[in-house]
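Keeping their order, the protein sequence lines are chains A and B. Numbering of the first sequence is given in this note's numbering, commencing with residue 46 and proceeding in unit increments. Numbering of the second sequence is given in this note's numbering, commencing with residue 57 and proceeding in unit increments. Cβ atoms here follow ideal geometry from the backbone N, Cα and C, with glycine treated the same way. Here's the structure, in structure tokens; my notes come after.
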Amino acid sequence: MIEEGLREAGLDDIVVLIERRGLVARIAALAPDVVLLNLENPGRDVLEESFALSRALARPIAMFVDQSDEESIAAAVEAGISAYVVDGLRKERIKPVLELAVRRFSAFARLQAELAEARTALADHKTIDRAKALLMKRRGIDEPAAYALLRRQAMDSGRRIADVADALVTAADLLGGDL
Amino acid sequence: MFRIGFLPLVDAVLPIVAHEYGLARAEGIELALVRDPSWATVRDRLIYGQTDAAHLLAPLAIATALGLDRPAVPLAAPFMLGLNGNAITVSPAVAAAIGDATDDAAAIGRSFAGVAQQARDAGKRLRLAVVHRYSSHNYMLRYWLAASGCDPDRDVEIVVVPPPFVAEALQSGEIDGSCVGEPWNSVAVARGAGVIITATTQIWRRGVEKVLAMRTATLGERADDVAALLRALHAAGKLVIDPTRRGEIAALLARPEYLDQPAELIGRALGNRLVLAQGGAARDLDDFLVLHREAANFPWRSQAMWLYTQMVRWGHAGADLRDLARAASVFRPDVYRAALGQTDAVIPSASAKVEGAIGAPLGAGSVSGRLILGSDRFFDGQRFDPDDVEAYLSAVTRGR
């Protein structure tokens, strides 16, 4: 998704690296202008070591921490990205790239969160339906009454309706389904 | 709410226990623990305000405050989260070449230097891993190698490998040895990928290790919260050294959201016991990881100064007396005293001491409580006098 966004913005010289081993050597061989890295990437310490060592070389890669850009870096960290750029590269060229990556990464994270939420909602829905069916059968009540019962129990015990339903379904399973 | 970043290591135990046992809540603050896979990310979250404090390598806190490799961010370390707790693990092949293990770090160092020399002569230098450029692991390993006659820059190659990958890297031959914290040595041993040849406590008996670091601004903005946090961590220390609780604390740390590693290995490290080679018996290693006693959590400025001399020694920092003062001022004994003054904590009256001067347990001056300091020797018998840093620096940088 980030790659796509950067390509749309007209940056076509992009290489995506996945393997941990040999990461530093690949980056050195590619000599990129910008390295974008997921904050969760465990290889960051390795990379920073090599950047520190390469300072003496002709084409050092420096961390993107020009103090005037404090805000955009904070935004990147917020979004879960760390960025490194070649020292001396013009800032006005880099800033839009980083901002784009941040926007894309945030959108991606939001999409994932929404997906997870939708999955939970679906699972909750199924559990509540099963709990309602159990109550209707056991207590001889209709569906709205069964739901009202679950809701009251949830409010009284300060739990989510889905959690109350889940407890009921679990108990029914343990007791042989004939609660 | 106080958010604390940490890396999955045994010495993250104090904040975890302070949170899980309700010790922080008892002091009136809520904690949230944020786990990360790299020190760079723990540091970035701290300096960009995503966390309020962090379990951090002492040298990395100093490097950040000095602005090595990046613009400086003032950091403060008012509390030490543990002394030592790291070991040196080598591949079974290198261990076999070294021969019989002893407890004598000097003897092992000499053997290792010989093995490293042979490898270098054969055109393939041994490759040793540390967890970060600015780590106590790096400086302790280099100290040990140099004092054993092995030049860490010429005779071997030192690289960075994240702790969780050390066992795999040893197994694949990517590295020949490493200096890493627990449980990662024991994970390598359990897989038969490595043999522990010595522990950092055998190199410097009271080696400075992790700190609780925070932005200096936080000390002023949230002074009461900081004091409450320090008291909670002190209370956690008392709990952690209670042997009857070791099993449950190891099980707590083993949980997926913390270390996600076997409780057995974690419990051993907490109890200063290690299995050195696969299939071997666990053995006691005195002072392997000092978490609480002897005012272990007190931020001695002399320890920060020692770290600075090592940064200069290995070319990580330029020698500058102003930087020495800035490094020393990262450690904040004043904040520690203010927070723990009304508790049962032992509070030293001095803020710096000659490091490596104590051979046998010795009484020392304290503001409150009775302070006994155990041996803090360097394995080569050297001393570090914070009042005479220049002499120490010129001695260790001579010939470089």
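Of all the CB atoms in chain B, is at least one closer than 8 Å to the CB of residue i?
| i | result |
| --- | --- |
| S127/A | yes |
| V91/A | yes |
| I118/A | yes |
| E123/A | yes |
| E94/A | yes |
| A212/A | no |
| L84/A | yes |
| A158/A | no |
| A70/A | no |
| A97/A | yes |
| P141/A | no |
| P77/A | no |
| P189/A | no |
| I106/A | Confidence at I106/A is low in this model, with a pLDDT of 49, below 50, so its placement is unreliable and no value can be given for it. |
If I'm right that residue i touches residue j with Cβ under 8 Å, what's the distance once you round it to whole angstroms?
| i | j | result |
| --- | --- | --- |
| G263/B | M196/B | 6 Å |
| R357/B | A401/B | Contact doesn't hold; Cβ gap of about 18 Å is too wide. |
| A110/B | I60/B | 6 Å |
| P355/B | R382/B | Incorrect: roughly 15 Å between the Cβ atoms, too far for contact. |
| I414/B | E350/B | No, I414/B and E350/B are not in contact; Cβ-Cβ is about 10 Å, not under 8 Å. |
Can you confirm whether residue i, when its beta carbon is compared against all beta carbons of chain A, has any partner nearer than 8 Å?
| i | result |
| --- | --- |
| D209/B | no |
| W107/B | Note that residue 107/B is Thr in the sequence shown here, rather than Trp. Not one chain A Cβ lies under 8 Å of T107/B. |
| T256/B | no |
| Y477/B | The displayed coordinates of chain B run from 57 to 456. Any statement about residue 477/B would go beyond what the structure contains. |
| D316/B | no |
| P218/B | yes |
| V410/B | no |
| D125/B | yes |
In whole angstroms, what is the alpha-carbon distance linking residue i and residue j?
| i | j | result |
| --- | --- | --- |
| G335/B | A246/B | 8 Å |
| D207/B | L201/B | 7 Å |
| A395/B | A283/B | 4 Å |
| G170/B | Q359/B | 31 Å |
| V331/B | V129/B | 40 Å |
| V215/B | A96/B | 16 Å |
| L81/A | L167/A | 35 Å |
| D211/B | L341/B | 29 Å |
| P194/A | I173/A | The sequence as given places Leu at residue 194/A; Pro does not occur at that position. Between L194/A and I173/A, the C-alpha separation is close to 12 Å. |
| V296/B | L70/B | 8 Å |
| A54/A | D78/A | 16 Å |
| K51/A | A146/A | Reading the sequence as shown, one finds Leu at residue 51/A and not Lys. Looking at the two C-alpha atoms, the distance is approximately 7 Å. |
| V60/A | E238/B | 36 Å |
| R454/B | A161/A | 60 Å |
| A279/B | G138/B | 23 Å |
| R104/A | A273/B | Note that R104/A scores 42 on pLDDT, short of 50, meaning its location in the model is unreliable and no value can be drawn from it. |
| Q106/B | E123/A | 7 Å |
| T300/B | L345/B | 17 Å |
| P87/A | H188/B | 12 Å |
| D92/A | V98/B | The amino acid at residue 92/A is misidentified as Asp; the sequence shows Leu. Distance between the alpha carbons of L92/A and V98/B is about 15 Å. |
| D211/A | A176/A | 7 Å |
If I follow the unbroken beta strand (DSSP E) through residue i, where does it start and stop?
| i | result |
| --- | --- |
| N140/B | 131-140 |
| T254/B | 251-255 |
| N83/A | 79-83 |
| D207/B | Where D207/B is concerned, there is no enclosing beta strand (DSSP E), given that its DSSP letter is neither H nor E. |
| L429/B | 427-429 |
| A420/B | 418-420 |
| S242/B | Careful: S242/B lies outside any beta strand (DSSP E), inside the alpha helix (DSSP H) at 240-246. |
Can you tell me where the alpha helix (DSSP H) holding residue i begins and where it ends?
| i | result |
| --- | --- |
| H75/B | 69-76 |
| N194/B | 192-203 |
| G276/B | 272-277 |
| E446/B | 445-453 |
| R329/B | R329/B -> not in any alpha helix (DSSP H); beta strand (DSSP E) instead, spanning 329-331. |
| A161/B | 161-177 |
| R81/B | 79-82 |
| F96/A | 89-98 |
| S228/B | 222-228 |
| L309/B | 302-310 |
Practice task
Could you run through the region 77-104 of chain B and flag, in chain order, every residue whose CB is less than 7 Å away from some CB of chain A?
Solution key: The region 77-104 of chain B vs chain A, Cβ under 7 Å: P93, S94, W95, A96, T97, D100, R101, Y104.
Handout entry: chain A contacts from the region 165-193 of chain B (Cβ-Cβ distance under 8 Å)
Key = V187, H188, R189
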